[in-house]
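Going left to right, the sequence shown walks through residues 1 to 248 as UniProt numbering numbers them. For every residue, glycine included, the Cβ atom is placed at its ideal position computed from N, Cα and C. Keep in mind it's a predicted model, so treat the numbers as computed, not measured. Worksheet: the structure to be examined is printed underneath.
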Amino acid sequence: MQQAVLIVLALAAVALFTWWWTHRPQPAAPRGKPRRTEALDTLMAWTPQPTRILTAAERQAYGVVRKALPDHLVFAQVPLARFLKVPTRHSYAEWLRRVGQLCADLVVCDGDSQVVAIVEVRQPTELESERTRKRHARMDRVLDAAGIPLHVWFENKIPSSTAARDELLHGEAALGLLPQASSATGTSRPPADVVAAHERAADDLAARDAAYDAIDFEEPPSSTWFDDLDSAPMPLGSSGAKAPPPRR
């Protein structure tokens, strides 16, 4: 009889341990290491969509530069790391970490793709956030150290093509890419024949560039490329996101 009681108690203990083991709380997944399934679902939850490269003010400035310097190459939103380099004895990964998120609005190059000037289209300083001002200051220091002329145009004060040509050609002459002529005041300016040649070329291409006068000034949709990295994390399964219609 006593042996039977011991067997019953042993079976009860085994059953109790089995119930506890199957109902014990599961350990939480370690943070900082997203599960593979979440990584695979990112494109499904955050469907990428094309966006405009330039804002309305930047497109206006692009048209002005194209008219001002028709024989130059103009590129938009170019990362600084694409046209600046550091000595190989330094860490290139560290260089990318410091300037990898900095992009120049407009990069003006000569016919050999040598950078001669940078045009930045910015809001008035009082309208910029503190983080934006720090980002601009860092870009200004990098370009100044590289010896590349920087021209800052405010959104509400885009110069005319004539004023832009004088400004940009003067900076190009300062780089030694154009011959300089000294005036009575000691100010170095491009020779008159060089300026006249640019004016004739701009007039010849006026018909082609007339399309820039009719630019649609609709602002581009918001893009994480232009923000100041202030956004908070968003859940992958956001109920507010709508899937785009299927292509036909």
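Taking only beta-carbon atoms, is Q49 less than 9 angstroms away from chain C? Although the question refers to chain C, the structure presented lacks it and comprises just one protein chain.
Simplified DSSP assignment, three categories, for V116: strand
Given that a residue counts as buried once 16 or more other Cβ atoms are within 10 Å of its Cβ, and exposed if not, what is A12? exposed
Where the alpha helix (DSSP H) through Q101 begins and ends: No alpha helix (DSSP H) contains Q101, which DSSP labels as neither H nor E.
CB of A61 within 9 angstroms of CB of D105, strictly: yes
Kindly indicate which three-state DSSP category V152 falls into: helix, strand or coil? strand
From L9 to W20, what does the alpha carbon distance come to, in whole angstroms? 17 angstroms
Suppose you measure from the CA of T55 to the CA of E94; what does that come to, to the nearest Å? 30 angstroms
According to DSSP, what are the bridge partners of P79? C103
Chain-order list of residues whose beta-carbon lies under 7 angstroms from that of V121 (same chain, five-residue window excluded): A57, E58, A61, D105, W153 and E155
Output the boundary residues of the alpha helix (DSSP H) element that contains D110. Where D110 is concerned, there is no enclosing alpha helix (DSSP H), given that its DSSP letter is neither H nor E.
What are the partner residues of R24, as DSSP defines its beta bridges? The partner list for R24 (beta bridge, DSSP) is empty, contrary to what the question assumes.
Considering H136, what are the terminal residues of the alpha helix (DSSP H) in which it resides? E130 to A146
Could you pull out every residue in the same chain whose Cβ sits closer than 8 angstroms to the Cβ of E167, ignoring the five residues on either side in sequence? H151 and P159
Work out the CA separation of Q2 and V14 for me, nearest whole Å. 19 angstroms
Can you pull the DSSP bridge partners for R122? F154
Taking Cβ to Cβ, would you say A146 is nearer than 9 angstroms to L96? no
Host alpha helix (DSSP H) of R59 (start-end): A56 to A68
Have a look at E124 and A137 and give me their C-alpha separation to the nearest angstrom. Contrary to the premise, residue 124 reads as Pro rather than Glu in this sequence. Each residue's Cα considered, the two are about 14 angstroms apart.
What separation, rounded to the nearest whole angstrom, lies between the Cα atoms of S161 and S113? 21 angstroms
Would V78 pass as a contact of R66 if the rule is Cβ separation under 9 angstroms? no
Using the rule of at least 16 other Cβ atoms within 10 Å of the residue's Cβ for burial, across every protein chain shown, is R165 buried or exposed? buried
Is it right to say P149 is buried, meaning 16 or more other beta carbons lie within 10 angstroms of its own, or is it exposed? buried
Provide the residue(s) that pair with A11 in DSSP beta bridges, ordered along the chain. What sits at residue 11 in the sequence shown is Leu, not Ala. Its beta-bridge partners do not exist; DSSP assigns none.
Helix, strand or coil for V74, going by three-state DSSP, please let me know. strand
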